[in-house]
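Student:
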Amino acid sequence: MPKNNKQQKTYSKAVAKIVKHPLNDRWTMWYLKQDQKKSWEEMLDVVHSFEMVEDFWSIYNHIRQPSELNQGNDYSLFKYNVRPMWEDAANKNGGRWVLCVDKLYRRTKLDELWLDTLLCIMGESFEFHEDINGAVVNVRHGGDRIAIWTADSTNKRSVLAIGSKLREYLRLGPEFKLYYELHSASKDTEPLYII
Numbered sequence: 001m002p003k004n005n006k007q008q009k010t011y012s013k014a015v016a017k018i019v020k021h022p023l024n025d026r027w028t029m030w031y032l033k034q035d036q037k038k039s040w041e042e043m044l045d046v047v048h049s050f051e052m053v054e055d056f057w058s059i060y061n062h063i064r065q066p067s068e069l070n071q072g073n074d075y076s077l078f079k080y081n082v083r084p085m086w087e088d089a090a091n092k093n094g095g096r097w098v099l100c101v102d103k104l105y106r107r108t109k110l111d112e113l114w115l116d117t118l119l120c121i122m123g124e125s126f127e128f129h130e131d132i133n134g135a136v137v138n139v140r141h142g143g144d145r146i147a148i149w150t151a152d153s154t155n156k157r158s159v160l161a162i163g164s165k166l167r168e169y170l171r172l173g174p175e176f177k178l179y180y181e182l183h184s185a186s187k188d189t190e191p192l193y194i195i
């Protein structure tokens with residue numbers, strides 16, 4: 001412990017530098033690297049779990065941006081102990097808001113939209129934030145996607161509020177398609193909601 005005022009000031013400054021800011025939830029960042037020789041679950045790797053704002057930034061600032069990923073690869077950010085897969089118990093009754101990002105916007109908008117999505121879900125910007133399990137960015141040849149995964153697709157009020165706020169928070173123009181689909185729906189099923 002400091003013995004005089006000068007030491008106390010130095011000590012206080014040092015302590016202030018190491019104080020971290022907790023998030024309300026613990027989160028896990030995932031990375032999926034496409035590999036034809038592996039199963040989907042084998043391709044999925046945990047990057048790191050965190051519960052402090054500063055720890056998020058230390059991870060985020062040391063990974064490649066989505067626009068730099070190879071096609072077929074994904075990043076996911078999910079609440080701790082929720083895997084980014086439909087089969088996870090926390091996800092199986094839910095769905096996802098899907099934002100289609102034309103590949104023409106990959107270099108100019110994808111990274112910004114992804115970061116803003118992450119900040120919105122970690123910062124609990126949504127009225128029904130407890131219904132959000134995570135988010136995924138998919139880099140694909142035909143166009144990229146950012147999705148927010150919800151826990152309960154039957155709560156229409158929550159689902160629509162999340163979609164409306166997502167469009168507002170990301171400042172999406174009409175060129176961006178945003179729709180909600182059930183995890184249990186087949187690929188040929190029409191979206192449940194379009195905003």
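Each residue of the sequence shown is one higher than the one before, counting from 1 in UniProt numbering. Every residue, glycine too, gets a C-beta built ideally from N, C-alpha and C. Computed from a predicted structure; not experimentally measured.
Please state whether DSSP places M122 in a helix, a strand or coil.
Tutor: Correct three-state label for M122: helix.
Student: Measuring CA to CA, which of V98, D144 and E175 is closest to L182?
Tutor: Minimum Cα distance to L182 is reached at V98.
Student: Look at the Cβ atom of V101, then the Cβ atom of D74, and state whether they are nearer than 8 Å.
Tutor: Contact: no.
Student: Just the C-alpha distance for P84 and I18, rounded to the nearest angstrom, thanks.
Tutor: So the two alpha carbons sit approximately 32 Å from each other.
Student: With H, G and I counted as helix, E and B as strand and the rest as coil, what does DSSP make of K165?
Tutor: Of the three classes helix, strand and coil, the one that applies to K165 here is helix, per DSSP.
Student: Can you round the beta-carbon distance between E77 and W27 to whole angstroms, since I take them to be within the 8 Å contact cut?
Tutor: First, the residue type needs correcting, since residue 77 is Leu and not Glu in the sequence shown. So it is a contact: roughly 6 Å between Cβ atoms.
Student: Identify whether S158 lies in helix, strand or coil by the three-state DSSP scheme.
Tutor: S158: helix per DSSP, three-state reduction.
Student: If we ignore side chains and look at the alpha-carbon of each, how far apart do V82 and W114 end up?
Tutor: Answer to the nearest angstrom: the Cα atoms are 19 Å apart.
Student: Please identify the residue among Y193, N155, Y80 and W86 whose C-alpha is closest to the C-alpha of M52.
Tutor: Ranking the options by Cα distance to M52, first place goes to Y80.
Student: For S153, does the three-state DSSP call read helix, strand or coil?
Tutor: Three-state result, S153: coil.
Student: Please classify A151 as buried or exposed, where buried requires at least 16 other C-beta atoms within 10 Å of its C-beta.
Tutor: Per the 10 Å Cβ criterion, buried.
Student: Can you grab the Cα-Cα spacing for the pair F126 / A90, in whole Å?
Tutor: Roughly 19 Å between the two C-alpha positions.
Student: Relative to the C-alpha of E130, which residue among G173, N155, D111 and R171 is closest?
Tutor: Minimum Cα distance to E130 is reached at N155.
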